[in-house]
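One structure is given here, and the rest of the page talks about it.
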């Protein structure tokens with residue numbers, strides 16, 4: 008499988024729309040989830056995702072100092088923050104109504120996984136924005152700490168500290184809502 012960087016480079020030189028569609032398909036769901044951590048609304052997150060991809064399509068500023076995905080998420084974050092500033096949107100935990108789509112279960116194991124994910128997303132949505140973001144980037148997007156540093160604009164130490172506090176807060180929130188890992192074994 009070709010890397011994102013190779014595909015994007017080819018898109019820039021050959022303007023092949025199918026290359027751009029490959030990049031869109033690879034990252035649209037994860038970028039949408041990440042953007043929802045800012046705006047807490049799927050419609051707004053989709054609009055930001057489209058704006059992000061529009062900038063990527065028109066830009067040639069990718070220099071390869073990070074992965075394409077890290078660069079893409081950094082652009083998405085910039086767009087989300089600009090929109091929040093523009094509209095002066097401030098969200099509290101109580102306002103967070105983001106629903107993360109999941110696929111319907113087909114067998115008992117899928118049902119258990121869905122229940123576990125529901126608890127995880129419920130707890131995750133109650134964390135503050137930075138905690139959600141660092142956990143999404145590290146564990147859902149499987150970015151390295153270095154990539155998270157670039158996306159979030161934090162130092163390595165800040166990312167490590169934030170990740171540690173985020174994991175602890177998530178564990179406490181899961182316990183608070185009554186999630187018991189043993190009930191799903």
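In this note's numbering, the protein residues as written are 8 to 192. Even for Gly, the Cβ is constructed at its ideal location relative to N, Cα and C. These numbers were taken from a predicted model, which means no experiment stands behind them.
- Residue environment for residue 36: exposed (fewer than 16 other C-beta atoms within 10 angstroms of its C-beta).
- Minimum Cα-Cα distance from residue 178 among the listed residues 157, 141, 160, 127 corresponds to 127.
- If you look at residue 59, you'll find it in the alpha helix (DSSP H) that goes 49–65.
- Sixteen is the threshold: since fewer than 16 other Cβ atoms of the shown chains lie within 10 Å of the Cβ of residue 160, the residue is exposed.
- Between the segment 23–43 and the segment 51–65 there are three or more inter-stretch CB-CB distances shorter than 8 Å, so the stretches are counted as touching.
- The three-state reading of DSSP puts residue 129 in helix, counting H, G and I together.
- For residue 67, the closest alpha carbon among the candidates 21, 180, 46, 181 is that of 21.
- Boundaries of the alpha helix (DSSP H) harbouring residue 43: 24–46, taken from the DSSP string.
- Using a 10 angstroms sphere on the CB of residue 11, the tally of other CB atoms reaches 16 or more, which defines it as buried.
- Per DSSP, the continuous alpha helix (DSSP H) segment holding residue 169 begins and ends at 163–183.
- Going by beta carbons, residue 80 and residue 15 fall outside the 8 Å limit.
- Closest option to residue 173, judged by alpha-carbon separation, among 183, 152, 142, 182: 142.
- Leaving aside the five residues that flank residue 157 on each side, the residues in its chain whose CB is nearer than 7 Å to its CB run, in chain order, 73, 77, 81.
- 139 is the residue among 42, 154, 85, 139 whose C-alpha sits nearest the C-alpha of residue 175.
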